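Enquirer: If you scroll down you'll find the structure; I have some questions about it.
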């Protein structure tokens, strides 16, 4: 199942829309993130895995591919943790995609699943309004 979650990347003083697309397929267990993600975003794989398991969710033991689009925009920092986790849950059938239709998601996760605030909240909120998102899920 394909999942799509809307988030934002800081680009200068603005926040640019990023689509987090997650696909889960049969195969050897793997968690791959593509789309010009920096080291901190690639490290999110382990934070997401631990946060989901420690929060009582099932982490899929299949091949997980996550695309961060657009591919030409550099993605930096831990603000992608929460959108990645939600995309994995939707792709795995543990959350309903329809509940995210008017929503944007930004946030960092701790290993135990607690949410952590991220820098750039105002830019993220302005980006969400500009993109017509009714709800913004962001820890503070």
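Numbering (our numbering), first residue to last: 23 to 162.
All C-beta atoms in this analysis are idealised placements derived from N, C-alpha and C, irrespective of residue type, glycine included.
Keep in mind the model is a prediction, meaning the values are calculated, not measured.
1) Can you name the start and end residues of the alpha helix (DSSP H) that residue 58 belongs to?
2) For residue 24, which residues does DSSP report across the bridge?
3) Where does residue 155 fall in DSSP's three states?
4) Quick check: residue 107 and residue 151, are their CB atoms within less than 8 Å of each other?
5) Does DSSP put residue 35 in a helix, a strand or coil?
6) Relative to the C-alpha of residue 32, which residue among 60, 55, 47 and 52 is closest?
7) Leaving out five residues before and five after residue 58 in sequence, what residues of the same chain have Cβ atoms less than 8 Å from its Cβ?
8) Can you say whether residue 103 is buried or exposed, counting buried as having 16 or more other CB atoms within 10 angstroms of its CB?
9) Once you ignore the five residues that flank residue 54 on each side, which residues in its own chain have a CB closer than 6 Å to its CB?
10) So if DSSP puts residue 90 in a beta bridge, which residue, or which two residues, is it bridged to?
11) Could you say if the segment 28 to 44 and the segment 65 to 81 meet the contact criterion of at least three C-beta pairs nearer than 8 Å?
12) For the alpha helix (DSSP H) containing residue 140, name the first residue and the last one.
13) Apart from the five residues just before and just after residue 56, which ones in its own chain have a Cβ nearer than 8 Å to its Cβ?
14) Starting from the N-terminal side, write out each stretch of the beta strand (DSSP E) that is 3 residues or longer and does not extend beyond the segment 94 to 131.
Expert: In brief:
1) Here residue 58 belongs to no alpha helix (DSSP H), and DSSP marks it neither H nor E.
2) Its beta-bridge partners are 45.
3) In the structure shown, residue 155 sits in coil (DSSP, three-state: anything other than H, G, I, E or B).
4) It is not a contact, given that the beta carbons lie outside the stated cut-off.
5) Three-state DSSP puts residue 35 in coil, outside helix and strand.
6) Comparing alpha carbon positions, the residue from 60, 55, 47 and 52 closest to residue 32 is 60.
7) Scanning its chain for C-beta atoms nearer than 8 Å, with the 5 sequence neighbours on each side dropped, one finds around residue 58 the residues 90, 93, 94, 95, 96 and 97, in chain order.
8) Under this definition residue 103 is a buried residue.
9) 87.
10) In the DSSP output, where bridge partners are listed per residue, residue 90 has 42.
11) Three or more beta-carbon pairs separated by less than 8 Å are not found between the segment 28 to 44 and the segment 65 to 81, which leaves the two stretches without contact.
12) Note, residue 140: premise wrong, no alpha helix (DSSP H); not H, not E.
13) Excluding sequence positions up to five before and after residue 56, its CB lies within less than 8 Å of the CB of 87, 88, 89, 90 and 93, all in the same chain and listed in chain order.
14) Those beta strand (DSSP E) runs which fall completely within the segment 94 to 131 and span 3+ residues are 125 to 127.
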